[in-house]
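Residue numbers (our numbering): 3 to 86.
All C-beta atoms, glycine included, are put in the ideal place defined by N, C-alpha and C.
Structure first, then comments.
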């Protein structure tokens, strides 16, 4: 996969139905009311489809914050710019 740029705020905004400004590195499943188990699955599907990757169960379970999502995606892809 080539080096890429994605806008993680845009992805989270689409999946969770919130304004992009509400998404920060500190956003997690405890402070974003819309982040429930169903929307978590939607986030995973969106990321896997957009980035053409396959996330492992352990990675999916760890994705409970924007910061952790970015950390995992950095390891699985060549993305260097997440738009935050």
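In angstroms with no decimal places, state the Cα-to-Cα distance between residue 73 and residue 67.
Residue mapping note: residue 73 aligns to position 71 of the chain shown, counting from 1. Residue mapping note: residue 67 aligns to position 65 of the chain shown, counting from 1. If I take the Cα positions, the gap works out to 10 Å.
Taking 9 Å as the threshold (C-beta atoms), are residue 45 and residue 71 in contact?
Your numbering for residue 71 matches position 69 in the chain shown. Your numbering for residue 45 matches position 43 in the chain shown. Yes.
Let me know the secondary structure DSSP gives residue 67 once reduced to three states.
Mapped onto the chain shown, residue 67 falls at position 65. Three-state result, residue 67: strand.
Whose CA, out of 27, 56, 85 and 14, lies closest to the CA of residue 78?
Here residue 78 is taken as the residue at index 76 of the chain shown, counted from 1. Of the listed residues, the one whose Cα sits closest to residue 78 is 56.
In chain order, which continuous runs of the alpha helix (DSSP H) of length 4 or greater are located wholly inside the region 31 to 61?
You should have 39 to 53.
Just the C-alpha distance for residue 41 and residue 81, rounded to the nearest angstrom, thanks.
Along the chain shown, read from residue 1 onward, the residue named residue 41 stands at position 39. Along the chain shown, read from residue 1 onward, the residue named residue 81 stands at position 79. Looking at the two C-alpha atoms, the distance is approximately 23 Å.
Provide the residue(s) that pair with residue 7 in DSSP beta bridges, ordered along the chain.
Looking up residue 7 in the chain shown gives position 5. Per DSSP, 83.
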